[in-house]
Amino acid sequence: EENLYQCIAEAVAQVTRKAKEKSLDIQVECPEETYLPLDMKWMAEAIGNVLDNAVKYSPVGSVVRICAIPYESFLCIRVKDEGIGIREEEQGMIFRRFYRSPSVSGEKGLGIGLYLVLEIIKKQAGYVKVKAEPGVGAEFFVYLRRD
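Count along the sequence shown starting at 1, add 4, and that's the number in the working numbering.
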């Protein structure tokens with residue numbers, strides 16, 4: 005059992021410098037006493053990768069929100085940004101290793117961040133969903149077992 009709040013805090017620390025450079029506000033809603041069976045190092049890496057994309061593809065001065073939502077059997081970590089979004093036809097491809105959307109070819113990246121997110125979450129008996137709309141932003145939902 006690991007502290008999810010601490011895990012999210014570690015992930016946020018990974019992107020704080022980049023977020024400050026863009027005057028982004030990162031807001032976290034997670035009870036400090038939330039414990040889950042997870043690998044702290046790898047989960048912080050996974051959440052950090054989602055946050056890195058949120059920061060990279062969000063406009064200056066926008067907000068990235070991280071929220072922990074408890075359900076009966078799962079806990080959902082939702083990361084919502086106000087960035088460029090993802091076209092519907094690409095949403096199934098973004099978790100493929102080395103996939104990069106042609107629309108972001110000018111940005112730094114190798115196309116492995118979201119692939120790693122999916123692999124890490126699967127190894128912890130969870131799953132990932134995405135909901136996005138071009139020009140509106142993206143929401144990533146990471147579902148983790150609570151037992």
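All C-beta atoms in this analysis are idealised placements derived from N, C-alpha and C, irrespective of residue type, glycine included.
Beta carbon of Asp-83 nearer than 8 Å to that of Val-67: Here residue 83 turns out to be Val, not Asp, going by the sequence shown. Their beta carbons are not under 8 Å apart, which means Val-83 does not touch Val-67 by this criterion.
Own chain residues within Cβ distance below 7 Å of Ser-105, not counting five before or after: Correct list, in chain order: Glu-94.
Whether Ala-58 touches Glu-14 by CB criterion (8 Å): Result no, Cβ atoms of Ala-58 and Glu-14 do not sit closer than 8 Å.
Among Ile-116, Pro-63, Leu-8, the one whose alpha carbon lies nearest that of Leu-28: Minimum Cα-Cα distance from Leu-28 among the listed residues Ile-116, Pro-63, Leu-8 corresponds to Pro-63.
Residue(s) in a DSSP beta bridge with Gly-141: Note: Gly-141 sits in a beta bridge opposite Glu-137.
Proximity of Gly-96 and Ala-142 at Cβ, strictly below 8 Å: No, the pair does not count as a contact, with Cβ atoms beyond the cut-off.
Buried or exposed (CB count within 10 angstroms, at least 16 for buried), Ile-125: Buried, because 16 or more other Cβ atoms sit within 10 Å of the Cβ of Ile-125.
Where the beta strand (DSSP E) through Val-16 begins and ends: No beta strand (DSSP E) holds Val-16; the alpha helix (DSSP H) holding it covers 8-25.
Boundaries (first-last residue) of the alpha helix (DSSP H) holding Glu-86: Careful: Glu-86 lies outside any alpha helix (DSSP H) and carries neither H nor E.
Run of the beta strand (DSSP E) containing Ile-125, from where it starts to where it stops: Ile-125 -> not in any beta strand (DSSP E); alpha helix (DSSP H) instead, spanning 117-127.
Secondary structure of Val-32, DSSP reduced to three states: Under the three-state reduction of DSSP, Val-32 is assigned to strand.
Where the alpha helix (DSSP H) containing Val-54 begins and where it ends: For Val-54, the enclosing alpha helix (DSSP H) begins and ends at 44-60.
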